[in-house]
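Novice: Here this note's numbering = 1-based position in the sequence shown + 3.
The C-beta atom is built at its ideal place from N, Cα and C for all residues, glycine as well.
Remember, it's a predicted structure, so these values are computed and weren't measured experimentally.
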Amino acid sequence: MSSSDKKPQVRSVSILGTGSAVPDRVLTNHDLEALVDTSDDWIVARTGIRERRIADDKTAASDLATAAARRALESSGITADQLDTIVVCTVTADYQFPSTACLVQAAIGAPRAYCMDLAAACSGFLYGTEVARGLIGAGLANHVLVIGVEMLSKFMNWQDRGVCILFGDAAGAAIIGPHNGRGEILATYLGADGTSAELIELPAGGSRHPITHEAIDQQQHHFHMKGNEVFKLGVRGMEEACRRVLDRAGVTPADVSLLVPHQANTRIIDATAQRLELPPERVYLNIQKYGNTSAASVPLALDEARREGRLHEGDLVLMVAFGAGLTWGASLVRW
Ligand code: COA
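1) Give the list of continuous alpha helix (DSSP H) stretches no shorter than 4 residues that lie fully inside the stretch 47 to 99.
2) Spell out the partners DSSP gives Ile-188 in its beta bridges.
3) Identify which residue in Met-228, Glu-201, Glu-187 has its Cα closest to the Cα of Ile-168.
4) What are the boundary residues of the alpha helix (DSSP H) that includes Gly-180?
5) In this structure, how does DSSP classify Gly-253 when only helix, strand and coil are distinguished?
6) For Glu-201, name the three-state secondary structure that DSSP assigns.
7) When DSSP labels each residue in this structure, what does His-225 get in the three-state scheme?
8) Go ahead and label His-146 buried or exposed: buried means 16 or more other beta carbons lie within 10 angstroms of its beta carbon, across all protein chains shown.
9) Can you give me the C-alpha to C-alpha distance between Arg-313 and Asp-258, rounded to a whole angstrom?
10) Hey, would you say the C-beta of Phe-234 is under 7 Å away from at least one heavy atom of ligand 1?
11) So does Phe-128 have its beta carbon nearer than 7 Å to some heavy atom of ligand 3?
12) Spell out whether any CB of chain C is found under 8 Å from the CB atom of Leu-189.
13) Contact defined as beta carbons within less than 8 Å: I believe Ala-173 pairs with Ala-75. What is the distance between those atoms, to the nearest angstrom?
14) Nearest to Thr-95 by alpha carbon, out of Asp-87, Leu-67, Cys-118?
15) Please specify which runs of the alpha helix (DSSP H), each continuous and at least 4 residues long, are wholly inside the stretch 226 to 295, giving them in chain order.
16) Kindly list the residues whose CB is nearer than 7 Å to the CB of Arg-164, restricted to its own chain and excluding five residues on each side of it in sequence; keep chain order.
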């Protein structure tokens, strides 16, 4: 074998700690009944959601991201000045620029870290974690803070009952570093399909359709989704991502201890679990409390599962997500 045929040396990478944060304010399905023509029964039956958290007017994405980051640092034993990189995965940044990652860097005091935002919607955390794994694996960074944060309530048309009942605000974070005996990321699979970009979008506010009075009158500055089509693609995408990452790691669904899926809809999660023949006790759910929190969904679920004692040393934990872009992905961790 010539030297050019050799695989590059990569370091194994671990999740060293997790943290999360949600706003205090709870918006229940009954509260929504006063806003749109819907019912608690319909929302619970069609989505599994009972309530979600909504930020107040003063709170922005970086505030929740900072709170989650501090908790992740605490749980990892890493200090902010040890961070080399901060990746904030979000489609609801504080500003178009500067990046939310730079705002978090200032808030937590991580002067050595270079900072970037990453837009992969609900798959963001898995995309961000893979960027971290690449940097650390290649020896270009040691400790990377990856945050998934979303504040979709600020971009919501509160008259669109097909969308506004689904989403909530939250942040979840992880410290990624060189493998330390636990939490090793064994494999990741990521996918995207930009040909279906229009299925989930926020049309106005970018360079294609800058904000105008007309755009606002047409609700183009709000979240739009073709929920029904997304539903079918979501089930297919989540199953495919799970199977591919399990193949990459050389294991089968039967080996998975806990599925930690993107919390978009219990029916999507149930269908994915059924296709993988995973029983309900091996599927983590917190959608009833938070709804769909997009990029925060997977790290929030992972952090809650950890704090509830659902993750045991040696467990194979399978994270999977699907969202706007379209983007999807899965990551397998040996806890
Ligand atoms: N309350 C009551 N009725 C509602 C409603 C609500 N909040 N939202 C929609 N409906 C109605 C529709 O108007 C429709 O009525 P019609 O038959 O008289 O036209 C009926 O319920 C069925 O609508 P449909 O959109 O087919 O429902 P659904 O079973 O697909 O559920 C979603 C809607 C949005 C819950 C579902 O499509 C979904 O979860 N999609 C995926 C969303 C997702 O995961 N997106 C993010 C990826 S990150």
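Specialist: If we stick to the structure as given:
1) Within the stretch 47 to 99, the complete alpha helix (DSSP H) runs of at least 4 residues are 64 to 79.
2) As computed with DSSP, Ile-188 is found in a beta bridge with Val-336.
3) Nearest to Ile-168 by C-alpha distance, out of Met-228, Glu-201, Glu-187, is Met-228.
4) Taken as a continuous stretch (DSSP letters only), Gly-180 belongs to no alpha helix (DSSP H), being part of the beta strand (DSSP E) at 173 to 181.
5) Of the three classes helix, strand and coil, the one that applies to Gly-253 here is coil, per DSSP.
6) In the structure shown, Glu-201 sits in a helix (DSSP, three-state: H, G or I).
7) Note: His-225 maps to coil in three-state DSSP.
8) That one is buried.
9) Cα-Cα distance, rounded: 16 Å.
10) Answer for Phe-234: yes, Cβ within range of ligand 1.
11) Ligands displayed in this structure: ligand 1; ligand 3 is not among them.
12) The structure shown has no chain C; it contains just one protein chain.
13) So it is not a contact: roughly 14 Å between Cβ atoms.
14) Out of Asp-87, Leu-67, Cys-118, Leu-67 has the C-alpha closest to the C-alpha of Thr-95.
15) The qualifying runs are 230 to 252, 269 to 278, 290 to 293.
16) Val-39, Asp-40, Thr-41.
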